[in-house]
Structure formats: structure tokens, C-alpha cells
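See structure below.
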Amino acid sequence: MSVSAPRNASAWAFLAPALALISLSVLIPAAMALVMSFTQSGLDVSEPLRFVGLANIRRLLADPMFFKVLGTTLAYLVGVVPPVVLGSLALAVLVNRQLPGIHWFRAAFYTPVLVSIVVAAIAFRWLYAETGLINGWLTALLGRGFEPIGFLTNPLLALPAVMVVTLWKGLGYYMVIFLAGLQGIPADLYEAAELDGSEGWRKHLDITLPLLKPYVTLVAVISAIAATKVFEEVYLMTQGGPADATKTLVYYVYDQAFAELEISYACTVGLALFILVLLLSLVRLAFAGDRGLT
Numbered sequence: 186m187s188v189s190a191p192r193n194a195s196a197w198a199f200l201a202p203a204l205a206l207i208s209l210s211v212l213i214p215a216a217m218a219l220v221m222s223f224t225q226s227g228l229d230v231s232e233p234l235r236f237v238g239l240a241n242i243r244r245l246l247a248d249p250m251f252f253k254v255l256g257t258t259l260a261y262l263v264g265v266v267p268p269v270v271l272g273s274l275a276l277a278v279l280v281n282r283q284l285p286g287i288h289w290f291r292a293a294f295y296t297p298v299l300v301s302i303v304v305a306a307i308a309f310r311w312l313y314a315e316t317g318l319i320n321g322w323l324t325a326l327l328g329r330g331f332e333p334i335g336f337l338t339n340p341l342l343a344l345p346a347v348m349v350v351t352l353w354k355g356l357g358y359y360m361v362i363f364l365a366g367l368q369g370i371p372a373d374l375y376e377a378a379e380l381d382g383s384e385g386w387r388k389h390l391d392i393t394l395p396l397l398k399p400y401v402t403l404v405a406v407i408s409a410i411a412a413t414k415v416f417e418e419v420y421l422m423t424q425g426g427p428a429d430a431t432k433t434l435v436y437y438v439y440d441q442a443f444a445e446l447e448i449s450y451a452c453t454v455g456l457a458l459f460i461l462v463l464l465l466s467l468v469r470l471a472f473a474g475d476r477g478l479t
């Protein structure tokens, strides 16, 4: 028996509890959901599943609501990812300075990450209310003739209003990722760039962005995956309304499973969501996997 065999056995022994937990909580339910997407389940979970082949997939491809929520999910992704990447990168550059008290600014920008999404959603729902703080400020500024804005009741404003919560929660988290990359860039590169006439923001275009490309890809893909799986903000603030304007893929899965009791169809929608997230993950592996950020 080779010398590495006991080491491998010890490693697997330490990994076994975690693998068992992951199997029970993730892998087995995922496999069951995949099987159920090709069956028709009744309201009684004790009844045997009835195999229906590709019927649920055909239903999915003919479901206009699925394509509507898919479009809303992609719009959420497009509306969140670019501001998250640019905003968190700008914050990282801002706090990557050797100034007195700069650690307090870093802590302040990171604080929203520590706030529960439930608390954040309820707070923003109060801010957005027609009698809330934002409309109160606008009324005081513009006078009594001002009509309160229905941020969460207007189909055109509801989705951007929910996006703001995701942005507020995520900027500090991704700022830390960029900050780690910035602190790995040697200072002498910036000094050399200044000697060549690259000063101010120009040096960030010449030095910072090229060296942070792996981090930009990482943040873009992670935030895109998070945006496609958004649920808590939608559930707590709008519940998919108004007029289904904020209903995303994950919320549609929840709605089909627990409101309509269409368990098998909900699993099929979840399968489509899994494929979308898998594609985004493959993008990350393709563009950042060879740069040590996998």
C-alpha cells in the first residue's frame, strides 16, 4: 500500500460529513427536482409520480408568462450588473488610500452587506411608500401640488426600485473583492506610469483596469448569477407586482410550486433557471479560469 493511501483515507474521512450534508440538502433534492420535471405530480405527495416525458418542457416553451419572467430576469441582470461592477470598483479605488481614518469609510461602505435582506427590503418599502420619506422630501421640496410617486405601484418604476436594494446590498461586498485585487498591484507601477505622463484617472485606465480584468470578470459573473436568482427583494417588496412587472424566474418557481401547487411544472421552470445559471458559470470558467480565480 502506498504512503499516500492513509492520507487520502484521512482526507476523505474529514470530507465525508460535509459531502453527506451537501448530498442530503443539495444533490439529492436537485436530482429529485430533475426527475419531477418529467413527471406529473398530484396534490397528494404520497401518490406515485406519473411520467409524462417532455410534456412539461413543451408547456414551458408555450407559456407566455415564462418568457415574460425570463425577460424580467434578464432586464434585472442588465440593470444590476454594470452598476455593481462600476460602482464597487469606484468605491474600491476610493478607499484604497493611505489616509487617516480610511478604515472607517471601508467599514461604512461594507455595512449594508451585514444588514439582513428582510430589514433592508422593509426599510426601502417604507422609503418608497407614497407617504414615505422620499415622497415626503419631494413634497417639501416641490410644494403641496406635488403628486406622490408610486415607486412600487407603477409598473415602470417597480423593477428599478427593487434593483436599488440589490445594488445597495451588493456594492460593499464586491468592493472588498476589488480592494483585494488593488492591494496586490505594486505601487511602483503607478510611479512608473506617472513618469510616463499617466496621472489622475488616466493611470487607472492604463494600470488598474488591465490588471483587474480577472476580478472584473469574477464580479460580473457572480453578480449576474445573483441577479438571476433574486427572490427576497421581490417577495418582500412587491410580490411580483404590479401587473407581474417584477416577477422573476425564482419568484415564478415559488408561485407555481406554492400558490398554484404545480410542483412538476415548477421543477421544469427551475430546470430552465439552472441552465441559465450554468451558462453564466461556464462564462466565468472560460474567461477567468486560467487566471487563478476559479
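Reading the sequence shown from the start, the letters are residues 186 to 479 in the working numbering. Note that CB positions come from ideal geometry on N, CA and C, so glycine has one too. Quantities reported herein were computed from a predicted structural model and do not represent experimental measurements.
Check: Backbone CA spacing between Thr-479 and Leu-337 [nearest angstrom]; Outcome: With a pLDDT of 45 at Thr-479, under the threshold of 50, the predicted position of this residue should be treated as unreliable, though the coordinate-derived value follows. Cα to Cα, the separation comes out at about 38 angstroms.
Check: Cβ-based neighbour list, Ala-346, same chain, cut-off 7 angstroms, excluding 5 preceding and 5 following; Outcome: Tyr-313, Phe-336 and Leu-337
Check: The segment 235-255 contacting the segment 428-437, beta-carbon criterion three pairs below 8 angstroms; Outcome: yes
Check: Sequence-distant residues of the same chain with beta carbon closer than 7 angstroms to Ser-226, five excluded per side; Outcome: Leu-234, Ile-448 and Ser-449
Check: Among Ala-343, Ala-240 and Leu-245, the one whose alpha carbon lies nearest that of Ala-457; Outcome: Leu-245
Check: Coil, strand or helix - Thr-453 by DSSP; Outcome: helix
Check: Per-residue burial, Ile-460 [other beta carbons within 10 Å of its own, 16 or more giving buried]; Outcome: exposed
Check: In DSSP terms, what Gln-225 is bridged to; Outcome: Arg-235
Check: CB contact flag (Ile-362, Leu-396, <8 angstroms); Outcome: no
Check: Endpoints, the alpha helix (DSSP H) within which Asp-373 is located; Outcome: 372-380
Check: Proximity to Ser-408 [Cα-Cα], best of Ala-205, Ile-334 and Thr-258; Outcome: Thr-258
Check: Entirely enclosed alpha helix (DSSP H) segments - the segment 261-301, minimum 4 residues; Outcome: 287-299
Check: Cα-Cα separation, Val-220 to Ala-451; Outcome: 12 angstroms
Check: Sequence-distant residues of its chain with Cβ nearer than 8 angstroms to Phe-416 (five each side left out); Outcome: Thr-433, Val-435, Tyr-436 and Tyr-439
Check: N- and C-terminal bounds of the alpha helix (DSSP H) containing Phe-363; Outcome: 340-367
Check: Helix, strand or coil at Gly-256 according to DSSP, with G and I counted as helix; Outcome: helix
Check: Given Pro-249 as reference, the closest of Leu-470, Val-468 and Val-454 once Cα atoms are compared; Outcome: Val-454
Check: 8 angstroms contact criterion, which Ile-410 and Leu-465 should meet: CB distance rounded; Outcome: 5 angstroms
Check: Straight-line gap, Arg-243 to Ser-222 (C-alpha atoms, nearest Å); Outcome: 11 angstroms
Check: Exposure of Met-217, with buried meaning 16 or more beta-carbon neighbours within 10 Å; Outcome: exposed
Check: Reference Val-404; option with closest CA among Leu-356, Tyr-420 and Ile-334; Outcome: Leu-356
Check: Burial state of Thr-483 (16 or more Cβ within 10 Å); Outcome: Coverage of the chain is limited to positions 186 through 479, which leaves residue 483 absent and any answer about it impossible.
Check: DSSP-derived helix/strand/coil call for Val-324; Outcome: First, the residue type needs correcting, since residue 324 is Thr and not Val in the sequence shown. In the structure shown, Thr-324 sits in a helix (DSSP, three-state: H, G or I).
Check: Phe-294 beta carbon less than 8 angstroms from that of Leu-276; Outcome: yes
Check: Whole-angstrom distance between Pro-399 and Trp-386, CA atom to CA atom; Outcome: 20 angstroms
Check: Contact check, Val-350 vs Ala-305, beta carbons under 8 angstroms; Outcome: yes
Check: C-alpha distance - Gly-286 paired with Gly-366, whole-angstrom precision; Outcome: 21 angstroms
Check: Cβ-Cβ distance between Val-280 and Leu-364 below 8 angstroms; Outcome: yes
Check: Cβ neighbour criterion (16 or more within 10 Å) applied to Phe-128; Outcome: The displayed coordinates of the chain run from 186 to 479. Any statement about residue 128 would go beyond what the structure contains.
Check: Short Cβ contact (8 angstroms threshold) for Val-406 with Val-462; Outcome: no
Check: Expected contact under 8 angstroms - CB spacing of Ile-302 and Lys-354 to nearest Å; Outcome: 7 angstroms
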